[in-house]
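Mapping the sequence shown onto UniProt numbering, position 115 (from 1) lands on 115, and the numbers just tick up by one.
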Amino acid sequence: MTLFATVELAPRDPILGLNETFSADTRPTKVNLGIGVYTNDEGRLPLLRAVREAEKARIEAAIPRGYLPIDGIAAYDAAVQKLLFGNASPLIAQGRIVTAQSLGGTGALKIGADFLKRLKPNAKVAVSNPSWENHRAIFQAAGFEVLSYPYYNAETQNVDFASLSFGAGIEEDAAAIRLFAEAGINSFVANSFSKSFSLYGERVGALSVITSSQDEAKRVLSQLKQVIRCSYSNPPTHGAALVAAILSSPELRTLWEEELSEMRGRILSMRSSLITRLKQYGAKRDFNFISRQRGMFSYSGLNAQQVERLKAEFGIYAVSSGRICVAALNTKNVEVVAQAIAHVLDTTV
Numbered sequence: 001m002t003l004f005a006t007v008e009l010a011p012r013d014p015i016l017g018l019n020e021t022f023s024a025d026t027r028p029t030k031v032n033l034g035i036g037v038y039t040n041d042e043g044r045l046p047l048l049r050a051v052r053e054a055e056k057a058r059i060e061a062a063i064p065r066g067y068l069p070i071d072g073i074a075a076y077d078a079a080v081q082k083l084l085f086g087n088a089s090p091l092i093a094q095g096r097i098v099t100a101q102s103l104g105g106t107g108a109l110k111i112g113a114d115f116l117k118r119l120k121p122n123a124k125v126a127v128s129n130p131s132w133e134n135h136r137a138i139f140q141a142a143g144f145e146v147l148s149y150p151y152y153n154a155e156t157q158n159v160d161f162a163s164l165s166f167g168a169g170i171e172e173d174a175a176a177i178r179l180f181a182e183a184g185i186n187s188f189v190a191n192s193f194s195k196s197f198s199l200y201g202e203r204v205g206a207l208s209v210i211t212s213s214q215d216e217a218k219r220v221l222s223q224l225k226q227v228i229r230c231s232y233s234n235p236p237t238h239g240a241a242l243v244a245a246i247l248s249s250p251e252l253r254t255l256w257e258e259e260l261s262e263m264r265g266r267i268l269s270m271r272s273s274l275i276t277r278l279k280q281y282g283a284k285r286d287f288n289f290i291s292r293q294r295g296m297f298s299y300s301g302l303n304a305q306q307v308e309r310l311k312a313e314f315g316i317y318a319v320s321s322g323r324i325c326v327a328a329l330n331t332k333n334v335e336v337v338a339q340a341i342a343h344v345l346d347t348t349v
């Protein structure tokens, strides 16, 4: 028997696996509403102007590519804290928040999960339902028993959490985080800049921890660094350096916020356009709730069977929960999507 003879085939990831199937689909009218990626009206992934400017300056400066500290670029970690908790946060001034650069938001969750397991080995973790399936898997892999709690009413579609900056704006979307901080609640904040800076492949994220004292913060950071060292040693430079440069430059920060505003506006426009066309094609359901939701995604209310029909009959891909990425809609595909949804609803037994 060979070493790998008993290895079982792992199930495909519900989102990234769907993307693989989409890539193999040869239909010219296919639409990918499954993966959470913002595309412009041409259906392309944008390279933000602020990112281009920061990248140009970095290349011209010919900065060496040495190893970073375990917790990443200090200027990046400081910029993340100010973005999340506010420039005037007393907790930052008191040294009660620690931040470690991570490999995207997923990496931040992994660092946090592994640290929590060391800290509270017998604890149970509750993950919202619905959520990203990988979030549950991360805490299970760390050794936790994972429970779930509901927060979304599928009948009324009355809750949808937005990403930082894609809901109403940076300050507005950070309000919940800052409420926890101001209340002095010990908390973990995992954040990603994949979407807000369109830096998906750079894996730029961070884990921030709110502690009760400066001394506590130092001890927590020492443990986070130990977790990171045993995982990937230290993070990559490029993406985080770009984010730090943009957040630290008044000119680039202004340009970035203007671009975010344009992106939010396009998403809102696509929400409105989708609703209009669903009505136009006689969809047997009220989809006005889509206009009340915010952020890149929408829970459409479609069930798994209807989602499967969209894929099989029309080449329109969404996750089985019915969640769709509104940011992947554009003026060229929204009509096709609306017509397909209306047809599936009309012919569902």
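Cβ atoms here follow ideal geometry from the backbone N, Cα and C, with glycine treated the same way.
Query, Result
"Ile35 and Leu48 closer than 9 Å at C-beta", "no"
"Residue from Ala78, His135 and Arg264 with nearest C-alpha to Asp41", "Arg264"
"Ile246 in three-state terms, based on DSSP", "helix"
"Residues that residue 356 bridges to, as DSSP identifies them", "Lying before the first or after the last residue shown, residue 356 is absent from the chain, which here runs from 1 to 349."
"Proximity to Gly315 [Cα-Cα], best of Ala342, Asn32 and Leu274", "Asn32"
"Selection from Ser249, Ser233 and Ile97 that minimises the alpha carbon distance to Leu68", "Ser233"
"Length of the line joining the Cα atoms of Ile92 and Lys82", "8 Å"
"Test item: CB-CB of Leu116 and Ala123 under 9 Å", "yes"
"Alpha carbon of Leu207 to alpha carbon of Ala100, nearest angstrom", "5 Å"
"8 Å contact criterion, which Gly205 and Ala108 should meet: CB distance rounded", "5 Å"
"Neighbourhood of Cys230 by C-beta distance below 6 Å, restricted to the same chain and skipping five residues each side", "none"
"Cutoff 6 Å; reference Asn333; Cβ partners in own chain excluding five residues on either side", "Val31"
"Alpha helix (DSSP H) segment containing Asn19, residue limits", "Leu16 to Ala24"
"Cβ pair Val98, Leu224 closer than 9 Å", "yes"
"Cβ shell of Gln280 (< 8 Å), same chain only, five flanking positions each side left out", "Ala338"
"Nearest neighbour of Thr29, chosen from Glu20, Gly43 and Thr39 [CA to CA]", "Gly43"
"Cβ-Cβ distance between Ala283 and Ala328 below 9 Å", "no"
"Separation of Glu53 from Val189, as counted between CA atoms", "29 Å"
"Expected contact under 8 Å - CB spacing of Ser272 and Ser291 to nearest Å", "6 Å"
"Other residues of its chain near Tyr200: CB distance less than 8 Å, five sequence neighbours each side excluded", "Val37, Leu45 and Ser194"
"Expected contact under 8 Å - CB spacing of Ile138 and Ala113 to nearest Å", "5 Å"
"Top-ranked residue by Cα proximity to residue 430, from Phe85, Arg58, Arg309 and Thr331", "Past the boundaries of the shown model lies residue 430; the chain is included only from 1 to 349, so the question cannot be answered."
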